[in-house]
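This report refers to the structure that appears directly beneath it.
4 protein chains.
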Amino acid sequence: MLVVMKAQAGPADIARVCERIETLGFQSHIIPGEQRTAVCITGNSGPVDPAEFEDLPGVAEAIRVSKAYKLVSRETQPENTIVLVNGVRVGGEQIVLCGGPCAIESREQILESARAVRAGGGQLLRGGAYKPRTSPYSFQGLGEGGLRYLAEAREETGLGIVTEAIDTETFDLVEQYADCVQIGARNMQNFSLLRRAGRSRKPILLKRGMSSTLEEFLMAAEYLLAEGNYQVILCERGVRTFADHTRNTLDLSVVPAVQGLSHLPIIVDPSHGTGKRDKVAPMSLAAIAAGASGLIVEVHPTPDRALSDGYQSLSPEQFAEMADECRAVAELLASRRKPRVGAH
Amino acid sequence: MLVVMKAQAGPADIARVCERIETLGFQSHIIPGEQRTAVCITGNSGPVDPAEFEDLPGVAEAIRVSKAYKLVSRETQPENTIVLVNGVRVGGEQIVLCGGPCAIESREQILESARAVRAGGGQLLRGGAYKPRTSPYSFQGLGEGGLRYLAEAREETGLGIVTEAIDTETFDLVEQYADCVQIGARNMQNFSLLRRAGRSRKPILLKRGMSSTLEEFLMAAEYLLAEGNYQVILCERGVRTFADHTRNTLDLSVVPAVQGLSHLPIIVDPSHGTGKRDKVAPMSLAAIAAGASGLIVEVHPTPDRALSDGYQSLSPEQFAEMADECRAVAELLASRRKPRVGAH
Amino acid sequence: MLVVMKAQAGPADIARVCERIETLGFQSHIIPGEQRTAVCITGNSGPVDPAEFEDLPGVAEAIRVSKAYKLVSRETQPENTIVLVNGVRVGGEQIVLCGGPCAIESREQILESARAVRAGGGQLLRGGAYKPRTSPYSFQGLGEGGLRYLAEAREETGLGIVTEAIDTETFDLVEQYADCVQIGARNMQNFSLLRRAGRSRKPILLKRGMSSTLEEFLMAAEYLLAEGNYQVILCERGVRTFADHTRNTLDLSVVPAVQGLSHLPIIVDPSHGTGKRDKVAPMSLAAIAAGASGLIVEVHPTPDRALSDGYQSLSPEQFAEMADECRAVAELLASRRKPRVGAH
Amino acid sequence: MLVVMKAQAGPADIARVCERIETLGFQSHIIPGEQRTAVCITGNSGPVDPAEFEDLPGVAEAIRVSKAYKLVSRETQPENTIVLVNGVRVGGEQIVLCGGPCAIESREQILESARAVRAGGGQLLRGGAYKPRTSPYSFQGLGEGGLRYLAEAREETGLGIVTEAIDTETFDLVEQYADCVQIGARNMQNFSLLRRAGRSRKPILLKRGMSSTLEEFLMAAEYLLAEGNYQVILCERGVRTFADHTRNTLDLSVVPAVQGLSHLPIIVDPSHGTGKRDKVAPMSLAAIAAGASGLIVEVHPTPDRALSDGYQSLSPEQFAEMADECRAVAELLASRRKPRVGAH
């Protein structure tokens, strides 16, 4: 249920609506809009009677929301959400490029990566200090030491930092250093981690699970918003199929599909999405042409010596060339169009 | 095995190599190149000894081909194949746009569609006269009547015609009218139909099967080339996965993958690939950005009244806008690049 | 639409109903039942008015059939169909075991296979004379020579013959020799071949396509029945998924699913379904326990020397042991139960 | 690397091997066998030199283990592992049946379920106190209250308790009450939770992830063993595919596949595996016939009034009938066979 306020409704009117919602045993979420405010109701198992609200002062109408997801839905918020990561606007008119190594291996490696990303025109730096690994015997990341190197790289280059939290235990630490906390594909339905991330004041980058439907993806994001964190970036990174010419099958159609249903920005990870270096540039361009708000790409100063995922990492030169082409395509399309659906 | 001739080798040298191949009980295929000719050997179940050929006059070297596919392989022919459809070059520097209805419903409908495609800058007209349908009770196409309407549309608009042959019985008829004969996804491994198409002198558009691996796709094309038809265009149209937000999952990564392994051109069908009208334009742009040589798109003068697949057909206006953007992206990328891999 | 006749309705009543159906431009299919006859209407694109029939003499009621498939539906025929293959009842109380090599390689090989199958208690012999092969350069089968060896094996052992037709060109020949004609997984939606098989007077074994949904599978069978061939056996042989520990993923849940929706018998192919010899026996037992009416299994006198699929073929000893266990499980379950759903 | 001790090697010999391993910076795991003990080395990123150990007293040989998984491998331990859950042997000659509701809804509901399971001959009781739910607004379980009801049900019926832990925060609590702690499919690669479960002294039931390969499944179990918990039961519960006639596609071939590669017992969940009540009994029988060590099945006193998953729950009568048939099939197969591979 969405209670839409009149344009002239004041804070007292809104407070009264919230009070009524809570009296009924539900939660209220205030959604500020350009013209007018809406209050979304969650926590109800069945339908709520619109008449409960339509007689309150300042209420324009009470609308039933038909989807399982509410707060992430465009029905609830028609305008695109812009997520601010260290001052960079994700979901706005400019595409955002985030680059860096799969795992942080050393101070030198992450600093060189950061310089390469900045030189190539990237705005954000990625790098894992905690790595979810299929084998218990594989390198699991440098932990807090890695986070400190990331902070040093930010200080030197000015790039915002995106890094993964793999559990609630290390979330606090990751949150202190990161400008945006990543929830990985394997954790997309780790609901306890989602709740913790939802209580964070840092933006969250949520990757689509390997066999996640679009609805499950949006419901995972709903967990974040339901806890109060509205700064959420979605990320397509490929799904599991029978096809064996790439590591995963990058499902770019989810980009326009998300944009139709949700106000949250969506970016694409062509590195995990293909698992092969020579497919990264073509699929990056394809992602931008499909309308993605940005890319998260693996870049390594010396890909052939990477401890993990080297075969899918770009060299600094390849990143710069790819980034350049992506910006050109994004600008071309922006220049030909009216502002994107719902954008302001 | 590939027998590569010296630059100065003459027809008699080549004939002698072919003779030796046939004496051994195999088939020979002459592959003319810019600099020099190669002769490909097929029909051998095990490896062939290079020494059988390296002493013949005019032979530069004899190379073992490592893949299951031979004639379609870039190892066999490094230059891109350009397929000529009614004078239109598919696989060259310009992208090619093929539009039209799923099924031919009437003379008026196909003529209007053709005018819309031409007005939008398309070069080829698609439309099914024979339709493979899941239900025996569904509309199965107008048959030869439909082919005649296509021919009339070509006469009026100058557009080349792409239409599907669904069996060997009707292939002769389809071949007479079509400028390019389509083999549909359900028939990608209908080997008898592939052999018949391989003996045709018309170009073939081969669609990827719904659960076809890249290797199976290339092997299906190999059937065509092995029978002597080298004018083959590949087409990605989406694969079957668990994802339910689109009718199929369009696997654009197959575009650069095919281009790495084969000299054949590949185009994309975003209409069947997504099954939803509002996803067609974004995925068309993505396909072109990924490097596809063209698109085959469903266009209907009045999509909402189409007998089949109306919900995934573009209106004439939508087609024109999409085509315009795709050409702009293709030109932008072409202008920034050296000629594409292997292109001349 | 299904027109159900009264118990006492005579041939003249039935003929009158068929005449009315044809006058309306549709096809009629007489479905004889134990108690009373029904007449199924196909060829109508929209709903038919029950009132057209309910006033005719001998008509009990006219029922709308809700599914896309009609003739294969249990709504149309509640009793299980029993298919007779060379005197063997498929779909009855006894399970049916069909064994033999993937491809017929020689007279000796198929005769030895047949003896092994008979010795192991099998009732039917399988073996391909025409093979659909991914590569144009692979062994494509012995053709009519192979069919003659099959006939000789039948003469010696008394086993009924199941062999595949891969196209309409060779269907006539295959039909002459076979007791049951197989349509392979790659041809499940080769609608021209289905129509030809539907006009055959031999039983058809229809394999599920590699990425076929249950509805598509039943609709493919509907093509056969719509042309007049009601002797159809369905066969699960594994579907394409991401799982890589078997060649395909055997989807045994389709066995009870088919039995709920259709009156046609369903058997299972654990050889192609797993692609690995050591998985064949466990999955055979599982198939029988799930309620399958039989198995079609690859048996080769010397699996390690088979020209194709040797790694998934059972030896004669393995077949005999597996067959024995399967019969024991089937008898155990039959003895504990009321007759199966719909069985008589 | 596996260091196999001589039959007469004593504790001091074994201790010396462990010491050498730890000196090299690796971990040692003592694997007691019937005849002789082995010591498995983990934590090495590259190969270890066998010569490091072969000169130590009591060492028979040092063997390189070829797979990514070590401790779960049959190469490391040829005999089947028997897991003891509240005195019930899982992985032994008798099949084990675990039944109960999806979620614990009330004291009465879980007590009635437990009585039904015991009446039907089940040995273990399942029921979720913490539920991972796709929607943040769905019922999330009764928490500790639910665990207390489970304990009460155990007291009354004597059934061992299997219940899920969804995060490290609630693991301690779940561990206190449970006889076996379940890790759900969505958490199969929640490596922090796996490490916590690996440090538990309670047996773990590990469910296969929805898009998990066999290798990933075994590697997830390896996390548990690597932390010291060798009491691990694997569970197949269906994977994500395009097939839409069941909620998931139950991949029974993984049962013999696991048994070939690992010594750990594997059971099957036909309720989540099919998502439809009428498929549960056939697939239960199929699982047992394929060799599964048991089943975990949803049973509800009044399925139609269940708060979650009611459509896939069996009634008490259906459970009893299914259990009876499964035991009969298991006994039949056991009576016909030599002991299973590796069993004692």
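Protein chains in written order, with our numbering: chain Z, 3 to 346; chain G, 3 to 346; chain C, 3 to 346; chain W, 3 to 346. We put the CB at the ideal spot given by N, CA and C, even for glycine.
Quiz item: Hey, would you say Z/Ile106 sits closer than 8 Å to Z/Tyr139, going by beta carbons?
Solution: Z/Ile106 is not a Cβ neighbour of Z/Tyr139, given a cutoff of 8 Å.
Practice problem: Could you work out which residues of chain C lie near G/Thr170, taking near to mean beta carbons separated by less than 9 Å? | Solution: Per Cβ cutoff of 9 Å: Asp169, Thr170, Glu171, Ser194.
Quiz item: Would G/Arg242 count as contacting chain W if we go by Cβ distances under 8 Å?
Solution: True, the Cβ-Cβ gap to chain W drops below 8 Å.
Practice problem: Could you check the C-alpha separation between Z/His247 and G/Leu216 for me, to the nearest Å? | Solution: One C-alpha to the other measures close to 6 Å.
Self-check item: Cβ shell of C/Phe141 (< 6 Å), same chain only, five flanking positions each side left out
Solution: Cβ neighbours of C/Phe141 beyond the five flanking positions: Leu309.
Self-check item: C-alpha distance - G/Val299 paired with Z/Pro205, whole-angstrom precision
Solution: G/Val299 and Z/Pro205 have their C-alpha atoms roughly 39 Å apart.
Exercise. Show which residues of chain C have a CB atom less than 7 Å away from the CB atom of G/Thr136.
Key: In chain order: Glu218, Met221.
Quiz prompt | Rounded C-alpha distance that separates G/Cys100 from C/Val92 | solution = Their Cα atoms are separated by approximately 49 Å.
Practice problem: Could you tell me which residues DSSP pairs with Z/Ile298 in its beta bridges? | Solution: For Z/Ile298, which the question treats as bridged, DSSP gives the partners Z/Cys100.
Quiz prompt | Residues from the segment 246 to 274 of chain Z in contact with chain G, defined by Cβ distance under 8 Å | solution = With the criterion set as a beta carbon lying under 8 Å from some beta carbon of chain G, the members of the segment 246 to 274 of chain Z are Asp246, His247, Thr248, Thr251, Leu252, Asp253, Leu254, Ser255, Val256, Val257, Pro258, Ala259, Gly262, in sequence order.
Exercise. With 8 Å as the limit, tell me which residues of the segment 277 to 291 of chain G have their beta carbon closer than that to any beta carbon of chain Z; keep them in chain order.
Key: Per Cβ criterion, the list reads Asp280, Lys281, Pro284, Met285, Leu287, Ala288, Ala289, Ile290, Ala291.
Exercise. Decide yes or no for the touch test of the segment 21 to 37 of chain W against the segment 306 to 324 of chain C: beta carbon pairs closer than 8 Å, at least 3 of them.
Key: Below 8 Å, too few C-beta pairs join the segment 21 to 37 of chain W and the segment 306 to 324 of chain C to call them touching: fewer than three.
Quiz item: Tell me which same chain residues have a C-beta within less than 7 Å of the C-beta of G/Ile97, skipping the five on either side of it?
Solution: Excluding sequence neighbours, G/Ile97 sits near Ile290, Ser295, Gly296, Cys328, Arg329, Ala332.
Quiz item: Would a check of beta-carbon distances place W/Glu300 closer than 8 Å to chain Z?
Solution: Taking Cβ atoms only, chain Z never reaches closer than 8 Å to W/Glu300, which makes this a no.
Exercise. Go ahead and pull the three-state DSSP assignment for W/Gly275.
Key: In the displayed model, W/Gly275 falls within a helix according to three-state DSSP.
Self-check item: Within chain Z, partners of G/Glu327 - CB distance below 8 Å
Solution: The contacting residues are Leu335, Arg338.
Quiz item: What's the call for W/Thr276, buried or exposed, on a 16-neighbour Cβ count within 10 Å?
Solution: W/Thr276 is classed as buried because its beta carbon has at least 16 other beta carbons within 10 Å across all chains shown.
Exercise. Compare the C-beta of G/Glu166 against all C-beta atoms of chain C and say whether one is closer than 8 Å.
Key: Taking 8 Å as the CB threshold, G/Glu166 stays off the interface with chain C.
Exercise. Assign G/Asp326 to one of three DSSP states: helix, strand, or coil.
Key: DSSP places G/Asp326 in helix when its eight states are reduced to three.
Quiz item: What do you get for W/Glu77, buried or exposed, if any count of 16 or more other CB atoms within 10 angstroms of its CB means buried?
Solution: Buried, by the Cβ-count rule.
Quiz item: For W/Arg197 versus W/Tyr232, is the C-beta spacing smaller than 8 Å?
Solution: Here W/Arg197 is not near W/Tyr232, since their CB atoms are 8 Å or more apart.
Self-check item: Contact list for Z/Ala308 against chain W, beta-carbon separation under 9 Å
Solution: Here the premise fails: no neighbours, minimum Cβ distance about 14 Å.
Quiz item: So which of G/Leu161, G/Val176, G/Glu146 has the shortest CA-CA distance to G/Leu87?
Solution: First, the amino acid is wrong: residue 87 of chain G is Val here, not Leu. Among G/Leu161, G/Val176, G/Glu146, the Cα nearest to that of G/Val87 belongs to G/Leu161.
Self-check item: Under 8 Å between C-beta atoms of Z/Val1 and Z/Ile269
Solution: In this structure chain Z extends from 3 to 346, so residue 1 of chain Z is not present and cannot be described.
Quiz item: In angstroms, rounded to a whole number, what distance separates the CA positions of Z/Pro284 and G/Pro258?
Solution: In this structure, the alpha-carbon of Z/Pro284 lies about 7 Å from that of G/Pro258.
Exercise. Check the Cβ of G/Ala70 against every Cβ in chain C and list those closer than 7 Å, keeping chain order.
Key: Per Cβ cutoff of 7 Å: Ser137.
Self-check item: Contact residues within the segment 223 to 240 of chain Z, judged by C-beta distance below 7 Å to chain W
Solution: Along the segment 223 to 240 of chain Z, going in chain order, the ones with a CB nearer than 7 Å to a CB of chain W are Glu224, Tyr225, Ala228.
Quiz item: Name the chain W residues that come within less than 9 Å of C/Val98, Cβ to Cβ?
Solution: C/Val98 does not reach chain W, its nearest Cβ partner there being about 18 Å away, counting only Cβ pairs nearer than 9 Å.
Quiz prompt | Range of the contiguous beta strand (DSSP E) that encloses W/Glu238 | solution = Note, W/Glu238: beta strand (DSSP E), 234 to 238.
Self-check item: Contact belief for W/Phe321 with W/Ala155 at Cβ below 8 Å, rounded distance in angstroms
Solution: Rounded, the Cβ-Cβ distance is 15 Å, inconsistent with contact.
Quiz item: W/Ser202 to C/Val85, Cα distance in whole Å?
Solution: Spanning the two alpha carbons is a distance of roughly 57 Å.
Exercise. Give every residue of the same chain whose Cβ lies closer than 7 Å to the Cβ of G/Ala292, excluding the five residues on either side of it in the sequence, and list them in chain order.
Key: Correct list, in chain order: Leu254, Val257, Pro258.
Quiz item: Does DSSP put C/Val41 in a helix, in a strand, or in coil?
Solution: Strand, per DSSP.
Exercise. Inspect the beta-carbon positions of W/Leu195 and W/Ile185 and report whether they are closer than 8 Å.
Key: Closer than 8 Å, so yes.
Exercise. Give a yes or no on whether the minimum CB-CB distance between W/Val5 and chain Z is below 8 Å.
Key: With a threshold of 8 Å between beta carbons, W/Val5 makes no contact with chain Z.
Quiz item: Going by beta carbon distance, what residues of the same chain come within less than 7 Å of C/Leu220, once the five residues before and after it are set aside?
Solution: Once the five neighbours on either side are set aside, the close Cβ partners of C/Leu220 are Tyr71, Val74, Leu263, Ser264.
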